[in-house]
Amino acid sequence: MSDSKLLRGTFVLTLATYISRVLGMIYVFPFVYLVGKIGTALYQYGYAQYTIFLFISTAGIPAAVSKFVSKYNSLGDYHTGIRMYKSGLIVMGLTGIVSFTILNLLAPILAPIVLGGENAVNTVEDVTYVIRMVSFALLVVPIMSIQRGFFQGHQSMGPTAVSQVVEQIVRILFVLAATFIVIKVIDGGRVFAVGLATFGAFIGALGGLAVLLWYWFKRKPYLDEMLTKSRPQTEMTIKEMYKELLSYAGPFVIVGLSIPLYQYVDQLTFNRTMMANGVDKDVSEGLLAYVSFMVPKLVMIPVSLATAFSLTLVPTITNSFTSGDFKLLRSQIDKTFQICVLLVLPAVVGLSVLAYPAFNALFEMSEAGGRILRWYAPVAVLFSFYSISAAILQGINKQKFAVVSLFMGLILKICFNSPFIAWFGEIGSILATALGYTVAIAYCFWMISRHAGYNYSMFARRSLLMAIFATFMAFAIFLIEWLLSFVVSYDNGRMQSVLVLIVGIAVGAVVYLYLAYRSRLLEVLIGNRFAFLSRNRKKAVH
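What the sequence shown shows, in our numbering, is residues 467 to 1008, in sequence order.
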């Protein structure tokens, strides 16, 4: 795949993922208002179990199918990819039914574990009910996942992008409508409302599946034409085909579980440790809602860029690796790393600097919430680079190293989470997460350098330059925030926080983009889209 096609596919998925993230953030405000922090914690208790089972039930299928189809397409064998898709639909349908059944049966066992004790405000029965309601989505999402992987393997990112947005819109409309009716109209109670909210994952998945089916029937004539031009299909039995697919899928599911597993460690240890330190149960559950639900909704917005890169990287790098074009491979790795820093770093720095007005404006007036966001925002850089570096290792058939890196980081998270929470309070869980991801990324970077022959010197120089730009941006935001404090302070209310936030974002964006433009960084990394801005400038970025 050419650099332009890599960027085009990446931007399509990035746009869709950003829209989905923003929608996922916006709905949180009315939802939290309707069900409160305790209801939000209850929602997360159920959703966390679903997330784990979702990754296991899909078994890394989207990325694995993407890699499988891309490999055989590059060899001119389109038949094998179609065979995998058709048989995979049946397998994933059965996997979904099994996962749904198991999660329903385990719900009464999981509920007291995630609550962290019987002293929590939410009860075991409440959590059991919510887990069972969200489990219905497992009947649909695995089927949807294999369809997305098939399209991505053909380097067609549109179906995945559109289905993601539609799935999110349908889910959010259902969640807000159901929650509002239960709380405000029929007075059905917090637990019933949260249960219906988690059931929204099933309704949203139906919307996303409908979009993918529409794309399939629309593109079927084109796929049939490809089959007529295909070389004779590889003589592979179903067993051999799935053996190869699962060799890809295993590492994908394990790596894909990284963020959910880190959050699961928090669920198992946060309440226990906080209450053991004398924190009231309602305060502990409220802080857990901040750490595991509200703040991550904001922080994961810049991370969605890395998610989009990961989805496009696997078939792209697999193509370059399979064809033996290592020069193109290293160029793709280099550009991906640099563009990630270009876009994620300023978003993270800005979010950290504007943490207090951002939390006050988007959620509620809370000193603890702003503090958590300020500490959590930088971790987004680690999330992003782990997603990308793991995808690169998978693309060059070094999946085992991505798995090793995950377990290295997760072991550190498990070992240090409770002590850090005991020493540093709610910030301790963030520090433990950062420690685990830092070690995991360092190991991934080492393996990429070793097995892809990638040299980090250019990436390091440009990252330093972008860090300098982000520093100037941070100073500009601090300055404008200080000047505004003579007129309006974010401590005075939500509207004041919104004003400070908007002005701060605008100033920060202008400063960073201006510096990136003047240095020709935008032109060098994004391509000739910015050439007209810099045509009179001769000095390139080095």
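Even glycine gets a Cβ: it sits at the ideal position worked out from N, Cα and C. Every value quoted in this text rests on a predicted model; they were computed, and no experiment measured them.
Look up residue i in the DSSP assignment and say whether it is helix, strand or coil.
{"i": "N1009", "result": "Past the boundaries of the shown model lies residue 1009; the chain is included only from 467 to 1008, so the question cannot be answered."}
{"i": "V954", "result": "coil"}
{"i": "T589", "result": "coil"}
{"i": "F829", "result": "coil"}
{"i": "P844", "result": "coil"}
{"i": "S985", "result": "coil"}
{"i": "G959", "result": "coil"}
{"i": "I877", "result": "helix"}
{"i": "L555", "result": "helix"}
{"i": "I612", "result": "helix"}
{"i": "L820", "result": "coil"}
{"i": "Y978", "result": "helix"}
{"i": "V815", "result": "helix"}
{"i": "V1016", "result": "Residue 1016 is absent from the model: the chain starts at 467 and stops at 1008."}
{"i": "F668", "result": "helix"}
{"i": "Y595", "result": "helix"}
{"i": "D800", "result": "helix"}
{"i": "A1006", "result": "Low local confidence applies: a pLDDT of 43 at A1006 is under 50, so the model's placement there is unreliable, with the coordinate-based value given in what follows. Reduced to three states, the DSSP call for A1006 is coil."}
{"i": "Y688", "result": "helix"}
{"i": "Y513", "result": "helix"}
{"i": "Y681", "result": "helix"}
{"i": "G835", "result": "helix"}
{"i": "I652", "result": "coil"}
{"i": "Y499", "result": "helix"}
{"i": "Y493", "result": "coil"}
Buried or exposed for residue i, please, with buried defined as at least 16 other CB atoms from any protein chain shown within 10 angstroms of its CB.
{"i": "N958", "result": "exposed"}
{"i": "D746", "result": "exposed"}
{"i": "E989", "result": "buried"}
{"i": "C910", "result": "buried"}
{"i": "A806", "result": "Residue 806 is actually Cys in this sequence, not Ala. C806 is buried by the Cβ-count criterion."}
{"i": "W912", "result": "exposed"}
{"i": "R916", "result": "exposed"}
{"i": "S923", "result": "exposed"}
{"i": "L571", "result": "exposed"}
{"i": "I647", "result": "exposed"}
{"i": "Y499", "result": "exposed"}
{"i": "N826", "result": "buried"}
{"i": "G744", "result": "exposed"}
{"i": "V651", "result": "exposed"}
{"i": "Y516", "result": "buried"}
{"i": "P762", "result": "buried"}
{"i": "F497", "result": "buried"}
{"i": "T937", "result": "exposed"}
Provide the residue span of the alpha helix (DSSP H) that contains residue i, from first to last.
{"i": "A926", "result": "S923 to L950"}
{"i": "S629", "result": "G624 to F646"}
{"i": "G894", "result": "I893 to A918"}
{"i": "A755", "result": "K747 to A755"}
{"i": "I725", "result": "S724 to A742"}
What residues in its chain sit with their C-beta under 6 Å from that of residue i, if we drop five residues either side in the sequence?
{"i": "Y551", "result": "F616"}
{"i": "I725", "result": "none"}
{"i": "F886", "result": "G894, L897 and A898"}
{"i": "G559", "result": "I609"}
{"i": "Q733", "result": "A514 and V580"}
{"i": "V819", "result": "A940 and I943"}
{"i": "R656", "result": "V501 and G505"}
I think residue i touches residue j, with their Cβ atoms under 8 Å apart; what is that distance to the nearest whole Å?
{"i": "F935", "j": "D800", "result": "The pair is not a contact, with the Cβ atoms about 19 Å apart (cut-off 8 Å)."}
{"i": "E633", "j": "V757", "result": "That belief does not hold up - the Cβ atoms of E633 and V757 are roughly 26 Å apart, past 8 Å."}
{"i": "F665", "j": "M740", "result": "30 Å between Cβ atoms; not a contact."}
{"i": "N883", "j": "F787", "result": "About 37 Å separates the two Cβ atoms, so there is no contact after all."}
{"i": "S811", "j": "A824", "result": "The question names Ser, but residue 811 is Leu in the sequence shown. About 17 Å separates the two Cβ atoms, so there is no contact after all."}
{"i": "L808", "j": "M932", "result": "6 Å"}
Should residue i be flagged as near chain B, meaning a C-beta pair shorter than 8 Å?
{"i": "L930", "result": "Absent from the structure is chain B; it holds one protein chain and no more."}
Let me check you understand the geometry: is the CB of residue i closer than 7 Å to at least one non-hydrogen atom of the ligand HEM?
{"i": "F646", "result": "You won't find the ligand HEM in this model; it holds no ligand whatsoever."}
Looking only at its own chain, which residues have a Cβ that is under 7 Å from the Cβ of residue i, when we skip the five neighbours before and after it?
{"i": "I485", "result": "V631"}
{"i": "Q804", "result": "F925, R928 and L991"}
{"i": "L950", "result": "V966 and V969"}
{"i": "V635", "result": "The question names Val, but residue 635 in the sequence shown is Ile. Excluding residues within five positions, the ones whose Cβ falls inside 7 Å are L489."}
{"i": "L727", "result": "L876"}
{"i": "Y822", "result": "G836 and Y956"}
{"i": "L672", "result": "V606"}
{"i": "W841", "result": "I893 and I896"}
{"i": "V731", "result": "K879, I880 and N883"}
{"i": "M874", "result": "V905, A906 and Y909"}
{"i": "L555", "result": "I609 and I612"}
Using a Cβ-Cβ cut-off of 8 Å (strictly less than) and excluding sequence neighbours within five positions of residue i, which residues of its own chain qualify?
{"i": "A845", "result": "The question names Ala, but residue 845 in the sequence shown is Val. Closer than 8 Å at the Cβ level, and outside the excluded window around V845, lie V765, I896, T899, A900 and Y903."}
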